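A.B. asks: First, the structure itself, so that you have it in front of you.
Numbering (my numbering), first residue to last: -15 to 180.
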């Protein structure tokens, strides 16, 4: 079984914000794989969904704990002996918009949601699907990480219409990643998608 957790903030005011790109991705997976409608279910903290990918059982969660306390929800969902089957989908402000990077057994990279998960699980041995949200420099075309207060404003702002259109391609890639991962493992998924 795989556990897929999207990081974001609950509530309509955060819909389609850059920090909630994980929620957008998991929404798409729920629809495409025909998982159950996300709903509250005790004892989990968030909206719970379940289904399968190519015959492999999967449960998903949209935490209701807010980003910085994501670990509280994850700890209630994922048994401690299967942390390596946890997939966390979240925003990465160091990657350009639309770029995806898969990693495992890494630090938090300054992401407070990931930091919370590591603290509560007592482990960093889980899979991350990082979705880029960084703006690009007008001249160099390289991603530019906002700093200080600009960073919090940037990640909590809503995607533009053009950015949401660009993310449609990313959603399909995340679906392909999940299909490959459950069948071939995380290393195969990294080898296939981290070079694209």
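Glycine included, C-beta positions come from ideal geometry on N, C-alpha and C.
Nothing here was measured: the structure is a model prediction, and the numbers come from that model.
1. Anyone know if the C-beta pair for residue 101 and residue 110 falls short of 9 Å?
2. Using three-state DSSP, classify residue 12 as helix, strand or coil.
3. Following the continuous beta strand (DSSP E) through residue 42, name the residue where it begins and the one where it ends.
4. By alpha-carbon positions, which one of 24, 27, 54 and 166 ends up nearest to residue 103?
5. So, at 8 Å on beta carbons, what are the nonlocal neighbours of residue 173 in its own chain, with the 5 sequence-adjacent residues on each side left out?
6. Given a cut-off of 9 Å on the beta-carbon distance, is the pair residue 113 and residue 44 in contact?
7. Does DSSP put residue 35 in a helix, a strand or coil?
8. What would DSSP say about residue 112, mapped onto helix, strand or coil?
9. Between the beta-carbon of residue 46 and the beta-carbon of residue 10, is there less than 9 Å?
10. If we count Cβ pairs, one from each stretch, closer than 8 Å, do we get three or more for the region 76 to 94 versus the region 148 to 156?
11. In the DSSP assignment, find the beta strand (DSSP E) that holds residue 173 and state where it starts and stops.
12. Give the C-beta separation of residue 33 and residue 22 to the nearest angstrom, bearing in mind that I take them to be a contact with Cβ-Cβ under 8 Å.
13. Around the C-beta of residue 1, are 16 or more other C-beta atoms found within 10 angstroms, so that it is buried, or is it exposed?
14. Kindly indicate which residue of 96, 106, 69 and 75 has the alpha-carbon position closest to the one of residue 88.
15. Using the Cα positions of residue 92 and residue 99, report the straight-line distance between them to the nearest angstrom.
16. Report, in whole angstroms, the separation of the C-beta atoms of residue -14 and residue 61, which I expect to be a contact under 8 Å.
17. Should residue 6 be labelled buried (16 or more other beta-carbon atoms within 10 Å of its own) or exposed?
18. Any idea if residue 57 is buried or exposed, counting beta-carbon neighbours within 10 angstroms, 16 or more meaning buried?
19. Which whole-angstrom value is the C-beta distance of residue -9 and residue 74, which I expect to be below 8 Å?
C.D. replies: To lay it out plainly:
1. yes
2. helix
3. Per DSSP, residue 42 belongs to the beta strand (DSSP E) from 40 to 47.
4. 54
5. 86, 161, 164 and 165
6. No; because the gap between Cβ atoms is not below 9 Å, this pair is not in contact.
7. strand
8. strand
9. yes
10. yes
11. Residue 173 -> not in any beta strand (DSSP E); alpha helix (DSSP H) instead, spanning 170 to 177.
12. Going by Cβ atoms, the distance from residue 33 to residue 22 rounds to 5 Å, so yes, they are a contact pair.
13. buried
14. 69
15. Cα atoms of residue 92 and residue 99: separation of roughly 5 Å, rounded to the nearest angstrom.
16. That pair is no contact at about 12 Å.
17. buried
18. When all chains shown are included, residue 57 counts as buried.
19. 4 Å
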